[in-house]
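Residue numbers (the working numbering): 64 to 795.
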């Protein structure tokens, strides 16, 4: 490939920030105060009221542009296809929540109704999501265990076990909706940004492991009580393997056949999705076949196969949530709110980009919050979206949430009239459907080698989140993942990759000197770059790396010089003008009682005004004199990647700059952000030693200034005589 190379030529003065300010007048903007922002927020007019209504009811926006002829048929076909999948997944995922399967149909109906009016995404399918269902199931199992008494909650009186579990699930969902609604009202939709793709991938993979283990008892036809809490996966596996000899062969064979057939057809759907007008609803087909075979051969009585059983016909009256369940589940409800929103927002964002429309994170929080509150009032459990179901809705021609509304009506039809047809359905079939749908999440294990090669820190986050969520539970695992992610941010900013830059010959570009061969590094000049904000946690690291780059400790050099000056001045006070080299060596070989030396005096700038001549510390010193040499005369700090300075870092930077200035090193700061400059001015950063003339708008400006200032200095300081006779230096 031929690269076209064009040249540009710029002729201008070498600017410092002071010179630039003289030549180019800056516009000083009037910044709004907090009171101004409050007034603006509380001000209301007709336009703002209209925007508020459109924001709270996005349906008005997309209904106004609805193209009946172009979109309606696609929405109808998509609604039917999505409804069939939603019904099957609702039945299956209700098992994860520890509830009777019929309540999964409630989740496929009620939340969709409110999201239709409040949601900003036109393509996601709202309803049950396996990870959320499992998190609800963990609370349900803890408060209403299979093999023991339920928790001491007043609302449990006179309720059956299933009713108690429904109350727990709906109360947890209600609380989850309150959290989501509150975050939406408070405009904190940005919180999802703290969940990186790596963290979500590790978390959902761990959830897939939990789901797989939880469904083994249905596939094997075993009676294993639900277990929640840390190490629940290990304990559940142990109980499954203890009873492995009691496996129901009919359940196992049926599950294997279902999984193999569904897997193959799903692969064919993916491979030929461009040619298929609608994906083959294989889960629905296999469920109908299994239901018919189970009914015809009476699997329940002949082989002891556990079936769905009595389906709730119609809808029950609304119920109030239990405040006691709120108190018991608040720790689990908050991560459920975050996970539910994060997954739904991620899927919605994919389709919004694909179809070129915008979604509002805060409005999505409000939509899901209201949907979960409304659904929980009618006994549904936590709703979000599932990628597979949303993919069916979008790929089958869905254009708007009318498809979602139609899928909800299909769930309503099954609930009101056709539910009895699903009563002979073996639960092992639902378990098999759940397991085969885990393929996408389990295949995320393939990301480990990729992350290890590309970014090992991200790989640690993935593995830590996955292991934490697998062993400790999904709620604690999410906390572990967030902790690891925040630690990586701290690690990257606290220990950034600092570098020494050099000029690329013949250009005004500067790069790390370790990366290039043909470079130009003027003698006596160091360019140091720190690629991160400077704050209280990394200021010491910054100072250490700077000292390492220049090759000397400026404070140590300053103290050594001041000690030497004190001895020189004492000798001069005695009036001994016949100083010989031997006498000089004798002077510096005399022991000095450093316990009486004030360290504060040693840290002050070297006072050479009483000396008879200029003192050159880089001249050759007597062998027994230890004053470190300073091989540079200019230090340029590249601040182009420094986005902010806090007060602690500002104080540390000020001290460091003064140490270099006091050992006769000119310090310059290049490419400093204007906001940081304003901060430095407001914090009284400048004084007689640190001046605004040190700041330059670019690295090349600073370098040209240095070269112009030191144009008389030849390479290697060749003009400086390597004197042993200090009498010539201090001649009186």
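Yeah, the Cβ is synthetic: ideal placement off N, Cα and C, and Gly gets one too.
Note that the structure is a prediction, hence the values are computed from the model and not measured.
Asked                                                                                                                   : Found
Contact set for residue 614: own chain, Cβ-Cβ below 7 Å, skip 5 residues either direction                               : 694
Beta-carbon spacing of residue 46, residue 489 below 7 Å                                                                : The structure shown has nothing for residue 46, since the chain only spans 64 to 795.
Segment limits, alpha helix (DSSP H) that includes residue 228                                                          : 224-248
Contact between the segment 163-173 and the segment 412-419 (3+ Cβ pairs under 8 Å)                                     : no
Residue 752 classed as buried or exposed, judged by whether at least 16 other C-beta atoms fall within 10 angstroms     : exposed
The ligand MG heavy atom lying under 6 Å from the CB of residue 512                                                     : With respect to the ligand MG, the structure offers nothing, as it holds no ligand at all.
Length at least 4, wholly inside the segment 499-560: the alpha helix (DSSP H) runs in chain order                      : 502-505, 510-517, 519-535 and 537-557
Beta-carbon separation (whole angstroms), residue 209 vs residue 462, contact threshold 8 Å                             : Rounded, the Cβ-Cβ distance is 45 Å, inconsistent with contact.
Between the CA atoms of residue 154 and residue 244 - distance to the nearest angstrom                                  : 27 Å
Alpha helix (DSSP H) runs wholly inside the segment 258-289, at least 4 long, in chain order                            : 260-283
Minimum C-alpha distance to residue 762 - residue among 77, 73, 68 and 70                                               : 77
Top-ranked residue by Cα proximity to residue 759, from 458, 593, 747 and 736                                           : 736
Inter-stretch contact at 8 Å, needing at least 3 Cβ pairs: the segment 558-569 / the segment 289-299                    : no
Cβ-based neighbour list, residue 508, same chain, cut-off 7 Å, excluding 5 preceding and 5 following                    : 268
Whether residue 179 touches residue 167 by CB criterion (7 Å)                                                           : no
C-alpha gap between residue 658 and residue 625, whole angstroms                                                        : In this prediction, residue 658 scores a pLDDT of 48, lower than 50, which makes its location untrustworthy; no coordinate-derived value is stated.
Endpoints, the alpha helix (DSSP H) within which residue 414 is located                                                 : 386-418
Pick from 165, 428 and 190 that is closest to residue 175, judged by C-alpha positions                                  : 190
Residue 75 (DSSP reduced to helix, strand or coil)                                                                      : coil
Helix, strand or coil at residue 120 [DSSP, three-state]                                                                : coil
Coil, strand or helix - residue 570 by DSSP                                                                             : coil
Three-state class that DSSP yields for residue 367 in the structure shown                                               : coil
Residue range of the unbroken alpha helix (DSSP H) whose run includes residue 298                                       : 295-305
Beta-carbon proximity list for residue 387, same chain, < 7 Å, skipping 5 on both sides                                 : 216, 217 and 218
Burial state of residue 357, where buried means 16 or more other Cβ atoms lie within 10 Å                               : buried
contact_flag[the segment 117-136, the segment 460-479] where n(CB pairs < 8 Å) is 3 or more                             : yes
Cα-Cα separation, residue 152 to residue 474                                                                            : 11 Å
Where residue 361 falls, given that 16 or more other Cβ within 10 Å makes a residue buried                              : exposed
Coarse secondary structure for residue 698, derived from DSSP in three states                                           : strand
Where residue 641 falls, given that 16 or more other Cβ within 10 Å makes a residue buried                              : Reliability of the predicted coordinates at residue 641 is poor, the pLDDT of 43 falling under 50, and the value obtained from them is presented with this limitation in mind. When all chains shown are included, residue 641 counts as exposed.
Classification of residue 500 by the beta-carbon crowding that lies within 10 angstroms, buried from 16 upward          : buried
Segment contact flag, the segment 265-284 with the segment 528-543, C-beta cutoff 8 Å, min 3 pairs                      : yes
Contact check, residue 192 vs residue 542, beta carbons under 7 Å                                                       : no
Sequence-distant residues of its chain with Cβ nearer than 6 Å to residue 520 (five each side left out)                 : 551
Nonlocal neighbours in the same chain, by C-beta distance under 7 Å from residue 50, ignoring five residues either side : The question about residue 50 has no answer here: the residues shown for the chain are numbered 64 through 795.
Where residue 715 falls, given that 16 or more other Cβ within 10 Å makes a residue buried                              : buried
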